[in-house]
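Working notes, beginning with the structure itself.
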Amino acid sequence: MLSLSSHSLAVAPDGTVWAWGSNAGGLLGDGTTLTRSLPVQVPGLTDVVSVSAGEGHSLALREDGTVWAWGSNNYGQLGDGTTVARYSPTQVLGLPDVVAVSAGSGFSLVLRADGTVWAWGANSLGQLGDGTTTYRRISPAQVSGLTDVVAISAGTNHSLALREDGTVWAWGYNASGKLGDGTTSQRLTPVRVVGLMDVVSLSANTNHSMALRADGTVWAWGGNSYGQLGDGTQQSRSSPVQAVGLTDVVAVSAGVLHSLALREDGSVWAWGGNSYGQLGDGTTLRRLSPARVEGVAQVVALAAHLDSLVLRKDGTVWAWGTNDGGELGTGTDESRPPKPVVQLTSAVSLAAGGGYSLALRADGSVWSWGVGHLGLREEGEEVDPYTPAPVAGLTEVKALSAYHHALALREDGTVWAWGQNTFGELGDGTRSPFRSSPVLVPGVTEVKALAAGFGFSLVLREDGTVMSWGSNVYRQLGHGDPGNDNVPPALVEDLTGVVALSAGGEHSLALREDGTVWAWGSNAYGQVAGEFDWLLQFVPGQVPGLSGVTAVAAGYSHSLALREDGTVWAWGDNSYGQLGNGTTGWFQNIPEQVPGLTDVVAISSLGWHSLALRADGTVWTWGYDVLSQAGTRALHLAPVQVPGLTGVVALSAGSAHSLVLRGDGTAVGWGHNSQGELGNGESNRHLTPARTLLPCRFTGMPSWEHRASAQGRCQASP
1 MLSLSSHSLA VAPDGTVWAW GSNAGGLLGD GTTLTRSLPV QVPGLTDVVS
51 VSAGEGHSLA LREDGTVWAW GSNNYGQLGD GTTVARYSPT QVLGLPDVVA
101 VSAGSGFSLV LRADGTVWAW GANSLGQLGD GTTTYRRISP AQVSGLTDVV
151 AISAGTNHSL ALREDGTVWA WGYNASGKLG DGTTSQRLTP VRVVGLMDVV
201 SLSANTNHSM ALRADGTVWA WGGNSYGQLG DGTQQSRSSP VQAVGLTDVV
251 AVSAGVLHSL ALREDGSVWA WGGNSYGQLG DGTTLRRLSP ARVEGVAQVV
301 ALAAHLDSLV LRKDGTVWAW GTNDGGELGT GTDESRPPKP VVQLTSAVSL
351 AAGGGYSLAL RADGSVWSWG VGHLGLREEG EEVDPYTPAP VAGLTEVKAL
401 SAYHHALALR EDGTVWAWGQ NTFGELGDGT RSPFRSSPVL VPGVTEVKAL
451 AAGFGFSLVL REDGTVMSWG SNVYRQLGHG DPGNDNVPPA LVEDLTGVVA
501 LSAGGEHSLA LREDGTVWAW GSNAYGQVAG EFDWLLQFVP GQVPGLSGVT
551 AVAAGYSHSL ALREDGTVWA WGDNSYGQLG NGTTGWFQNI PEQVPGLTDV
601 VAISSLGWHS LALRADGTVW TWGYDVLSQA GTRALHLAPV QVPGLTGVVA
651 LSAGSAHSLV LRGDGTAVGW GHNSQGELGN GESNRHLTPA RTLLPCRFTG
701 MPSWEHRASA QGRCQASP
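Numbering of the sequence shown is given in full-length UniProt numbering, commencing with residue 1 and proceeding in unit increments.
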């Protein structure tokens with residue numbers, strides 16, 4: 001469920017609330033007044049089912065029927081008996097059994113389970129509907145004479161209610177006739193909107209009101225100076241008029257200066273003011289009658305304020321219009337044209353490559369971001385490298401690996417590859433410099449794991465054997481003639497019983513079922529280990545002194561092993577402290593324990609830094625950090641904890657950035673970002689973790705109200 005004003009609110013699958021945009025007066029509820037262009041969690045709120053963003057405050061409804069509020073409180077709109085602003089949520093007093101909330105400008109409305117409406121806060125224009133103009137700062141008051149109400153909507157200074165019989169009732173300020181009673185007289189108690197029946201939903205905003213009838217037609221009344229009523233004129237109306245040319249509509253939303261409608265076919269139609277680009281047509285020209293918004297389809301819900309939000313059938317949320325306060329949640333200040341927003345959820349694994357990143361979602365789709373993989377989009381599609389998008393043509397994927405090329409393993413055991421192919425690392429028999437879309441690796445079947453190295457690829461088959469292809473200059477393939485590139489897929493010699501593998505810059509690692517580690521390829525830095533040839537190890541040899549190993553990770557020129565007792569062991573190049581032993585040095589050819597690390601459950605390395613995940617969900621890192629991939633800008637000769645990260649379940653180290661997957665299915669990254677590899681909508685380097693922008697999915701069919709609020713919950717699986 002989402003809500004949007006100059007700030008935005010979202011309800012996560014676990015019932016927590018996330019906020020972003022303007023934070024004046026504590027609008028975001030995070031205990032600060034800092035503007036946020038990316039979501040932050042509202043602390044202390046759980047089991048929330050809906051939210052609403054007002055002009056200066058926010059409301060949240062919990063499963064137990066209680067209402068919580070935060071932000072400005074000069075009119076008593078928070079309902080806590082004071083006029084003190086709250087930077088974090090406080091409970092509204094004396095209101096049980098609430099089923100819907102709506103926040104206006106300085107006042108609040110709620111609908112209770114018994115069909116009555118209650119209001120509090122500013123009331124100089126009668127917007128509380130209690131027959132007075134007295135502010136309600138101490139406790140909510142019941143709206144006079146209203147029963148059997150099924151929906152509510154608070155405008156800036158007027159209010160709407162929909163009753164079970166399909167009639168609409170309005171009260172408050174009546175400039176331009178926005179109460180729809182045929183007059184412009186202020187009303188302190190509800191009056192019926194004339195000529196309207198069989199209404200199924202409604203929406204109110206600053207100066208006009210909208211209603212959707214059961215026959216799919218749209219009706220509007222009030223101010224029309226920008227054409228927001230959609231009747232082809234700019235004449236204000238004190239009673240409802242039909243929006244021209246619109247049929248089969250299933251949802252409407254009134255913005256400040258414009259209007260939106262959703263048709264049964266999933267198309268979105270917009271009209272009215274367009275000075276902020278809120279009509280989504282790439283211009284700032286107003287429209288007096290509805291026109292289709294191009295570039296968005298299969299929409300299931302929508303909302304409007306000074307901007308527009310739509311929810312698509314695939315679970316992605318798209319936004320356009322004003323973004324001065326970061327309310328679009330894209331991580332940038334761009335406003336046009338429509339672009340996807342919100343974080344990636346339902347991710348099950350990540351792969352950080354060189355200048356790009358990959359995420360595998362629970363539905364088997366693969367998402368990519370970063371300049372390094374611009375070609376991964378549909379042909380002819382406009383590319384935004386800073387925002388994740390699905391890799392075309394890949395479905396039913398269950399594993400990923402990335403270097404300067406990418407590998408994907410499908411459920412049927414086949415392997416697909418794309419990206420750099422200078423050395424034949426895609427395995428399709430060519431050396432085309434780059435493939436922008438996945439190709440099948442021929443002759444490779446029954447695969448259960450894969451690893452992409454620098455110019456070469458490894459896969460583990462169901463029978464415990466390993467196949468490899470691509471560059472063999474350093475004998476990293478374990479077969480074929482040294483010095484060759486574009487070597488076709490073949491079995492690694494004399495290697496069976498393998499359960500895991502990892503590919504480095506010039507060497508390869510394999511973990512056998514007996515807990516031993518085997519290595520081959522370049523040994524210039526001791527990364528293969530032991531008394532092997534100091535230049536090349538042609539065939540797999542056992543790494544001495546290691547037993548009980550459960551995972552391996554190959555950096556560019558160093559190696560890591562995780563033992564079943566939770567300790568990490570390292571060997572090879574230590575020029576940047578990537579062995580984590582408190583020193584720097586040329587090499588180390590015998591594995592030694594990384595001091596100070598216990599209870600480790602996962603490890604990762606790709607370039608010259610290392611990552612470890614502990615059982616408590618914290619992440620630790622060491623090695624090269626000039627590009628901030630370890631969270632600072634210094635060498636770390638021993639492991640340090642990445643600040644602010646908890647609840648992590650998986651990790652992936654890129655060449656100059658790092659990614660982790662949290663238990664809620666969201667991805668977080670830090671480090672180098674000039675190519676958009678963090679996927680947070682920008683290109684700035686991040687010294688601390690930043691959440692990756694990716695779409696989430698919603699259960700059911702959301703019904704959205706004013707200021708982009710949606711009934712429905714974002715879930716972590718499709």
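Ideal placement from N, C-alpha and C gives every residue a C-beta, glycine not left out.
A Cβ-Cβ contact shorter than 8 Å links V517 with V549. The Cβ neighbour count for T598, taken over all protein chains shown within 10 Å, is under 16; the residue is labelled exposed. A buried status is given to E55, since no fewer than 16 other beta-carbon atoms sit within 10 Å of its beta-carbon.
The distance from the Cβ of A551 to that of L611 is about 12 Å, inconsistent with a contact at the 8 Å cut-off. Ranked by Cα distance from A554, the options L637, V200, S655 are led by S655. Taking every protein chain shown into account, the CB of T496 has fewer than 16 other CB atoms within 10 angstroms, so this residue is exposed. For S432, the number of other beta carbons within 10 angstroms of its own is below 16, and it is reported as exposed. Around the beta carbon of P290, a 10 Å sphere encloses 16 or more other beta carbons of the protein chains shown; the residue is thus reported as buried. Here S176 carries a helix assignment [DSSP, helix/strand/coil]. If you ignore the 5 residues before and after G121, its C-beta comes within less than 6 Å of the C-beta of Y75, G76, Q77, G106, F107, S108, all in its own chain and listed in chain order. Leaving aside the five residues that flank G15 on each side, the residues in its chain whose CB is nearer than 6 Å to its CB run, in chain order, T46, D47, V48. Note on A615: under 16 other CB atoms within 10 angstroms of its CB, so exposed under the neighbour-count rule. The beta carbon of A650 sits closer than 8 Å to those of S349, L350, A602, L613, V660, L661, all from its chain and outside the five residues before and after it, given in chain order. In the three-state reduction of the DSSP assignment, A103 falls in the strand class. For S225, no beta strand (DSSP E) run applies, since DSSP gives it neither H nor E. Collapsing the DSSP output to three states places A10 in a strand. About 5 Å separates the Cβ atoms of V366 and V397, confirming a contact at the 8 Å cut-off.
When DSSP states are grouped into helix, strand and coil, G21 belongs to the strand group.
Counting along the chain, Y525 sits inside no beta strand (DSSP E), nor does DSSP assign it H or E at all.
Under DSSP, F434 takes part in a beta bridge, and its partners are Q420. If you draw a 10 Å sphere on the C-beta of T322, you find 16 or more other C-beta atoms in it, and that means buried. By the criterion of at least three beta-carbon pairs nearer than 8 Å, the region 557-568 is not in contact with the region 466-476. When the beta-carbon positions are compared, G104 and G155 come within less than 8 Å of each other.
By the neighbour-count criterion, in which 16 or more other beta carbons inside 10 Å mark a residue as buried, L285 falls on the exposed side. If you look at S289, you'll find it in the beta strand (DSSP E) that goes 287-292. A distance of 8 Å or more separates the beta carbons of A119 and A151. Secondary structure at G26: helix, using DSSP grouped into helix, strand and coil.
Spanning the alpha carbons of V117 and K178 requires a straight line of approximately 20 Å.
In the three-state scheme derived from DSSP, where H, G and I count as helix and E and B as strand, G245 is classed as coil. Secondary structure at P639: strand, using DSSP grouped into helix, strand and coil. In the structure shown, the three-state DSSP call for G669 is strand. Collapsing the DSSP output to three states places T147 in coil.
Residue H507 holds the alpha-carbon nearest to the alpha-carbon of R475 among H507, G623, G453. Taken through DSSP and simplified to helix, strand or coil, L350 comes out as strand.
Per DSSP, the continuous beta strand (DSSP E) segment holding A304 begins and ends at 299-304. Per DSSP, reduced to three states, the secondary structure at Q77 is coil, with no helix or strand assignment.
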